[in-house]
Amino acid sequence: MTSAVLTPPSPTPSPQGGRGFDVQAIRAQFPILAREVHGKPLIYLDSAASAQKPDAVLDAMVGLARTSYANVHRGLHTLANETTEAYEKARETVARFINADRDEVVWTKSATEAVNLVASSFGLSLNAGDEIVLSEMEHHANIVPWHFLRERKGVVLKFIPVLDDGRLDMEAYKGLLSDKTKMVAVTHMSNVLGTVNDVAEIVRLAHAAGAPVLLDGCQGVVHTKVDVKALDVDFYVFSGHKLYGPTGIGVLYGKADRLAALPPYQGGGEMIASVALDKITYADPPHRFEAGTPAILEAVGLGAAIEWLNGLDRDAIFAHEHALYERVAERLRGVNGVRILGEAPGKGAVLSFTVEGAHAHDIAQVLDRYGVAVRAGTHCAEPLMRRFGVTSSARASFALYNTEAEADAFVDALAKARSFFS
0 MTSAVLTPPS
10 PTPSPQGGRG
20 FDVQAIRAQF
30 PILAREVHGK
40 PLIYLDSAAS
50 AQKPDAVLDA
60 MVGLARTSYA
70 NVHRGLHTLA
80 NETTEAYEKA
90 RETVARFINA
100 DRDEVVWTKS
110 ATEAVNLVAS
120 SFGLSLNAGD
130 EIVLSEMEHH
140 ANIVPWHFLR
150 ERKGVVLKFI
160 PVLDDGRLDM
170 EAYKGLLSDK
180 TKMVAVTHMS
190 NVLGTVNDVA
200 EIVRLAHAAG
210 APVLLDGCQG
220 VVHTKVDVKA
230 LDVDFYVFSG
240 HKLYGPTGIG
250 VLYGKADRLA
260 ALPPYQGGGE
270 MIASVALDKI
280 TYADPPHRFE
290 AGTPAILEAV
300 GLGAAIEWLN
310 GLDRDAIFAH
320 EHALYERVAE
330 RLRGVNGVRI
340 LGEAPGKGAV
350 LSFTVEGAHA
360 HDIAQVLDRY
370 GVAVRAGTHC
380 AEPLMRRFGV
390 TSSARASFAL
400 YNTEAEADAF
410 VDALAKARSF
420 FS
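Last residue of the sequence shown? That's 421 in numbering that gives the first Met the number 0, and every number before it is there in order.
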């Protein structure tokens, strides 16, 4: 593959982005995007791993730390009250964003911890032979916690196959459900393929079989509008750092009755109603699951990220991101030696690919010399890599701050990287 055989970019890159989306105004709010890497302008295409943070998020966190910071729910002084108010306001912001009730939003340190919380607490009631349905496209964070139950309790794990185009095999899924199914846990949107699963149908079928559903929304909450009540999903988890917020903060949404039925995950301060030497009573959700001093600044930062997103036209964002994906995919389709993994209809702005004759790590390192940041490896999805017959892939993921010019520069840099190994 050389630059000469690539389809030229079309149309000419627009500085404003597609469909009137002012990407330059967005970029101006992300200070890191002004830097250079190896003397080249940074082209950050790794937002599916962790998104960059706008000034609104950084300012909210630093502002609280400078003016009001104290511990939450523990003091009666002014700083404690101000910090608690900001912290709980962020919870309310998250709840509105996904159309949940405030007390259905549990703070965790990550989506990974949120899945572990549900698997651990819900799993206490499971018995040997009970079945949990996952899929072949899951992130390890939505596989390993359930494997713990297989190892410790004899639970049976079943997996929905992935079709060649990256969709879940829904007919196979129907055949996996039975009266033994105690939980269905699948991703809303694949972090590797970009496939946006038909989660409404997944939930409907699971409920018809009497099983609750957990959705991994780490990518879905970024690239789609999430309404947990409309989906009727029992649990929905996501992280802050992929949603333009800080690391160290995640969210577990649970239906009120589902959370009320779960025993605590960890013990400590804040999650109790009372403690005696011979008896403990637990707080109601969500505080039952929030032992210890929480990630206060991070929660406020996530609230700020969502408030910032609420001020934008998210439909325009989705259209902009999809246009970037199609601009790149159009140039790469049919290029000898380049394989795009999964092109399901309606997929999100994630493009994983392999290059014949070159390891994904090598491709990523060469791209870095041109200022292009992509992910390389298994993307914490080894079963999916095996399903597609590869040991690793490179991944370009597009966000609201990426431009058409960056998309073109990425493809041109990839051509140079491919030539380096040919």
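All residues carry an ideal CB built from backbone N, CA and C; glycine is no exception.
{"Query": "For GLN23, does the count of other Cβ atoms within 10 angstroms reach 16, so buried, or fall short, so exposed?", "Result": "exposed"}
{"Query": "Name the residue from TYR172, LYS179, THR77 and GLY341 whose alpha carbon lies nearest to the alpha carbon of VAL185.", "Result": "TYR172"}
{"Query": "Leaving out the 5 sequence neighbours to the left and right, which residues in its chain are closer than 6 angstroms to ASP226 when beta-carbon positions are compared?", "Result": "ASN98"}
{"Query": "Rounding to the nearest angstrom, what Cα-Cα distance links PRO14 and ASP21 in this structure?", "Result": "Residue placement at PRO14 cannot be trusted, given a pLDDT of 45 that sits under 50; what the coordinates show is reported in the next sentence. Approximately 8 angstroms, taken between the alpha carbons."}
{"Query": "Let me know the secondary structure DSSP gives PHE423 once reduced to three states.", "Result": "Beyond the ends of the chain as shown, which are 0 and 421, falls residue 423; an answer cannot be given."}
{"Query": "Distance check for MET136 and SER391, CA to CA, integer angstroms please.", "Result": "14 angstroms"}
{"Query": "Would the segment 368 to 387 and the segment 130 to 146 be scored as touching if the rule is three or more Cβ pairs under 8 angstroms?", "Result": "yes"}
{"Query": "Quick check on the DSSP output: the alpha helix (DSSP H) that includes SER119 runs from which residue to which?", "Result": "110 to 122"}
{"Query": "Distance check for VAL220 and SER2, CA to CA, integer angstroms please.", "Result": "Model confidence at SER2 stands at a pLDDT of 36, short of 50, so the residue's coordinates are unreliable; what they give is reported in the following sentence. Distance between the alpha carbons of SER2 and VAL220: 36 angstroms."}
{"Query": "Can you give the beta carbon distance from ALA359 to GLY376, rounded, assuming they're within the 8 angstroms contact cut?", "Result": "7 angstroms"}
{"Query": "Going by the beta-carbon positions, is the gap between VAL371 and ALA412 smaller than 8 angstroms?", "Result": "yes"}
{"Query": "Counting Cβ pairs, one atom from each stretch, are 3 or more of them under 8 angstroms apart for the segment 69 to 89 and the segment 210 to 220?", "Result": "no"}
{"Query": "Over what stretch of residues does the alpha helix (DSSP H) that includes GLU91 continue unbroken?", "Result": "77 to 96"}
{"Query": "So, at 6 angstroms on beta carbons, what are the nonlocal neighbours of THR402 in its own chain, with the 5 sequence-adjacent residues on each side left out?", "Result": "VAL22"}
{"Query": "Taking the C-alpha atoms as reference points, what is the distance between PHE147 and ASN335?", "Result": "42 angstroms"}
{"Query": "Check the DSSP bridge columns for GLY268 and list the partner residues they point to.", "Result": "In the DSSP output, where bridge partners are listed per residue, GLY268 has none listed."}
{"Query": "Could you pull out every residue in the same chain whose Cβ sits closer than 7 angstroms to the Cβ of ALA110, ignoring the five residues on either side in sequence?", "Result": "ALA140, ASP215, CYS217, VAL236, PHE237, SER238 and GLY249"}
{"Query": "Please state whether DSSP places PHE420 in a helix, a strand or coil.", "Result": "helix"}
{"Query": "Whole beta strand (DSSP E) runs in the segment 274 to 303 with 3 or more residues, listed along the chain?", "Result": "278 to 281"}
{"Query": "For a minimum of 4 consecutive residues, which ranges assigned as the alpha helix (DSSP H) are wholly contained in the segment 132 to 159?", "Result": "143 to 152"}
{"Query": "Closest to ALA398 by C-alpha separation, out of LEU258, HIS240, LEU123 and ALA199, would be which residue?", "Result": "HIS240"}
{"Query": "For SER67, collect the residues of the same chain with a Cβ closer than 6 angstroms to its Cβ; drop the 5 residues on either side in sequence, then sort them by chain order.", "Result": "LEU78, GLU81 and THR82"}
{"Query": "So the alpha helix (DSSP H) LEU213 belongs to, where does it begin and stop?", "Result": "Not the alpha helix (DSSP H): LEU213 falls in the beta strand (DSSP E), residues 212 to 215."}
{"Query": "Roughly how far, in whole angstroms, is the beta-carbon of ALA127 from the beta-carbon of GLY153, given that I think they are within contact range, below 8 angstroms?", "Result": "3 angstroms"}
{"Query": "Give the range of the beta strand (DSSP E) segment to which ALA375 is assigned.", "Result": "374 to 376"}
{"Query": "Less than 8 angstroms separating the beta-carbons of PRO369 and LEU350?", "Result": "According to the sequence provided, residue 369 is Tyr. The question's Pro does not apply to it. The answer is no: Cβ separation not under 8 angstroms."}
{"Query": "What is the DSSP secondary structure of LEU5, counted as helix, strand or coil?", "Result": "With a pLDDT of 48 at LEU5, under the threshold of 50, the modelled position of that residue is not reliable, and the figure given next carries that caveat. Residue state, collapsed to three classes: coil."}
{"Query": "For THR92 and GLU306, I'd like the C-alpha separation in whole angstroms.", "Result": "7 angstroms"}
{"Query": "Considering Cα atoms alone, identify which of THR223, PRO293 and ASP58 is closest to ALA69.", "Result": "PRO293"}
{"Query": "Taking DSSP's pairing of strands, which residues face PRO40 in a bridge?", "Result": "GLU35"}
{"Query": "Given this structure, state the Cα-to-Cα distance separating GLY345 from LEU125, to the nearest angstrom.", "Result": "36 angstroms"}
{"Query": "Buried or exposed, going by whether 16 or more other CB atoms sit within 10 Å of the CB of SER177?", "Result": "exposed"}
{"Query": "Which class does PHE317 belong to by DSSP, given the choice of helix, strand or coil?", "Result": "helix"}
{"Query": "Around the Cβ of ARG385, are there at least 16 other Cβ atoms within 10 angstroms (buried) or fewer (exposed)?", "Result": "exposed"}
{"Query": "Which residue marks the beginning of the beta strand (DSSP E) containing TYR252, and which one marks its end?", "Result": "249 to 253"}
{"Query": "Quick check on DSSP: helix, strand or coil for LYS228?", "Result": "helix"}
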